[in-house]
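> The sequence shown begins at 155 in the working numbering and counts up by one. So that we are looking at the same thing, I have put the structure below in structure tokens.
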Amino acid sequence: MTVDLATFAPRRILVCQLRQIGDVVLTTPALELLRRRYPDAELHMFTEKKCTPVLEHNPHIDKIWALDKKKLDNLPREVAWYWHVARTGYDLVVDFQQLPRCRWVVAFSGAPVRLSYTPPWYTRLLYTHSTDMLDGYSAMSKASVLRPLGIHWNGERPHLWLTDEERAAARALLAATGLQPGQRLISLDPTHRQITRRWPAERYAELIRLLHGRDESLRFLPLWGPGEEKDIAELASRCPSGTLLMPSRMLSLREMAACIAEADLHIGNCSAPRHIAVAVGTPTLTVLGATSGAWTFPAPEHAHIALGLPCQPCNKNHCPHNQRCLTELRAEPVAEKALEMLKK
155 MTVDLATFAP RRILVCQLRQ IGDVVLTTPA LELLRRRYPD AELHMFTEKK CTPVLEHNPH
215 IDKIWALDKK KLDNLPREVA WYWHVARTGY DLVVDFQQLP RCRWVVAFSG APVRLSYTPP
275 WYTRLLYTHS TDMLDGYSAM SKASVLRPLG IHWNGERPHL WLTDEERAAA RALLAATGLQ
335 PGQRLISLDP THRQITRRWP AERYAELIRL LHGRDESLRF LPLWGPGEEK DIAELASRCP
395 SGTLLMPSRM LSLREMAACI AEADLHIGNC SAPRHIAVAV GTPTLTVLGA TSGAWTFPAP
455 EHAHIALGLP CQPCNKNHCP HNQRCLTELR AEPVAEKALE MLKK
């Protein structure tokens, strides 16, 4: 039976976006739009366990299904869990990713409306409705999947909701690392697992020297994830003494978000922290290598800088030109742009 989407009023909605952390953050405008369109519906989210912290306290979400791959250690157990999730009585399933694990849930759901972007021919029968994604800012592009429901993106930015307690804990943590009253904070994301998205450590160190030389009140909080401690140690060895605020351990996702929220500016590579910064209202400046400007929120307080080689953006993880787009990008233009943004 064909569903009339103009009068469709779902009682329970499932949104599928398993990973990565930044992509889940970029799903939050779509969640807000779905809540606005269907205020009386239950809204559930299906995502990986590692991504759930960025969704905590989100007022638009009623339930989070957290996929813990370590617990689903055999196929029968895995399929049984997907069946359990899917058979919760969904009227609408929105699949933003079309990963195999998402497809299991979509297939099992039996929802009268199963919506996604245009799928390949071999999974087309899984979905009752689909549409081409619009080009542009990534969160807008994702939200464009909702157009068949009469939902349109109107500039909504990603959101990550922090508690007052988390904000207070972040201020205490920053003070413990040496941030003093009157000093200005820049959160710094100098790492990335892909070399084609990682501006070299020596460039970040030079950027810090230039910025601190122009404004001695500036302090820099480096952020890192699992396995990236050596990258941060290399950066610290190159920076002027006293410029870096070094936590004694890796911050949790929500601690990171709360610290970024205290910053005057976030500078870094094209990775999850830049989207978290947008989501907590902190201006961002991103150094681009292989990725495009479509990941930058379209507002004056969010900017990116790229060398502008003919091969950019290539969206590749390996480069035959030794990452020229990053290695040849000097610190001076990045520093000038950062100082310009700090004046606003």
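Every residue, glycine too, gets a C-beta built ideally from N, C-alpha and C.
Between Gln174, Ala457 and Cys479, which has its C-alpha nearest Pro464's C-alpha?
When only C-alpha atoms are compared, the closest one is Cys479.
> Please determine, among Arg278, Met287 and Leu361, the residue with the shortest C-alpha to C-alpha distance to Lys491.
Looking at the Cα atoms, Leu361 is the closest of the given residues.
> Within 10 angstroms of its Cβ, does Asn423 collect 16 or more other Cβ (buried), or is it exposed?
Buried: at least 16 other Cβ atoms inside 10 Å.
> Which residues in the same chain have their Cβ closer than 7 angstroms to the Cβ of Trp235, if we skip the five residues on either side of it in sequence?
Leu226, listed in sequence order.
> Can you give the Cα-Cα distance for Ala330 and Arg428, rounded to whole angstroms?
Cα to Cα, the separation comes out at about 24 angstroms.
> Whole angstroms is fine: what's the gap from Leu375's alpha carbon to Asp385's?
Approximately 14 angstroms, taken between the alpha carbons.
> Tell me which residue opens and which closes the alpha helix (DSSP H) that Phe250 is part of.
First-last for Phe250: undefined, no H or E at that position.
> Using the three-state DSSP reduction, which class does Pro302 fall into: helix, strand or coil?
Reduced to three states, the DSSP call for Pro302 is helix.
> I need the boundaries of the alpha helix (DSSP H) containing Thr182, first residue and last residue.
Segment Thr182 to Arg191, the alpha helix (DSSP H) holding Thr182.
> So which of Pro254, Leu188 and His306 has the shortest CA-CA distance to Val248?
The shortest C-alpha separation from Val248 is found at Leu188.
> In chain order, what residues of the same chain have a beta carbon less than 7 angstroms from the beta carbon of Val115, not counting five sequence neighbours either side?
Given a span of 155 to 498 for the chain in the structure shown, any question on residue 115 remains unanswerable.
> With H, G and I counted as helix, E and B as strand and the rest as coil, what does DSSP make of Tyr244?
DSSP places Tyr244 in coil when its eight states are reduced to three.
> Where does Lys217 sit, in a helix, a strand or coil, going by DSSP?
In the structure shown, Lys217 sits in a strand (DSSP, three-state: E or B).
> Hey, could you find the ends of the alpha helix (DSSP H) Val434 is sitting in?
Residues Ala426 to Val434.
> Which value, in whole angstroms, describes the spacing of the CA atoms of Arg484 and Leu461?
Cα-Cα distance, rounded: 9 angstroms.
> Determine which residues share a DSSP beta bridge with Asp343 and list them.
Answer is Gly422, bridged to Asp343.
> Per DSSP, what kind of secondary structure is Glu202 in: helix, strand or coil?
Residue state, collapsed to three classes: strand.
> Below 8 angstroms, how does it come out for the segment 432–442 and the segment 386–400: are there three or more Cβ pairs, yes or no?
Result no; under three Cβ-Cβ pairs closer than 8 angstroms.
> Less than 8 angstroms between the CB atoms is what I'm expecting for Leu229 and Glu202, so what's the real figure, rounded?
18 angstroms between Cβ atoms; not a contact.
> Run through DSSP, which three-state label would Leu159 get?
Of the three classes helix, strand and coil, the one that applies to Leu159 here is coil, per DSSP.
> Going by DSSP, name the residue or residues bridged to Ala457.
DSSP, once it has assigned bridges, lists Leu439 as partnering Ala457.
> So which of Arg190, Leu496 and Glu486 has the shortest CA-CA distance to Arg373?
It is Leu496.
> To the nearest angstrom, report how far apart Ile414 and Trp275 are at their CA atoms.
Spanning the two alpha carbons is a distance of roughly 43 angstroms.
> Would DSSP call Tyr281 helix, strand or coil?
Note: Tyr281 maps to coil in three-state DSSP.
> Beta-carbon within less than 7 angstroms of Phe262's beta-carbon, same chain only, minus the 5 sequence neighbours each way: which residues are those?
Here the set comprises Tyr236, Trp237, Ala240 and Arg241.
> Relative to the alpha-carbon of Leu314, which residue among Asp177, Thr182, Gln174 and Lys223 has its alpha-carbon at the smallest distance?
Among Asp177, Thr182, Gln174 and Lys223, the Cα nearest to that of Leu314 belongs to Thr182.
> DSSP on Tyr271, reduced to helix/strand/coil?
Of the three classes helix, strand and coil, the one that applies to Tyr271 here is strand, per DSSP.
> Starting from the Cα of Gly443, find the closest Cα among Ala453, Ala265, Gln466 and Ala457 and give me that residue.
When each option's Cα is compared against that of Gly443, the closest is Gln466.
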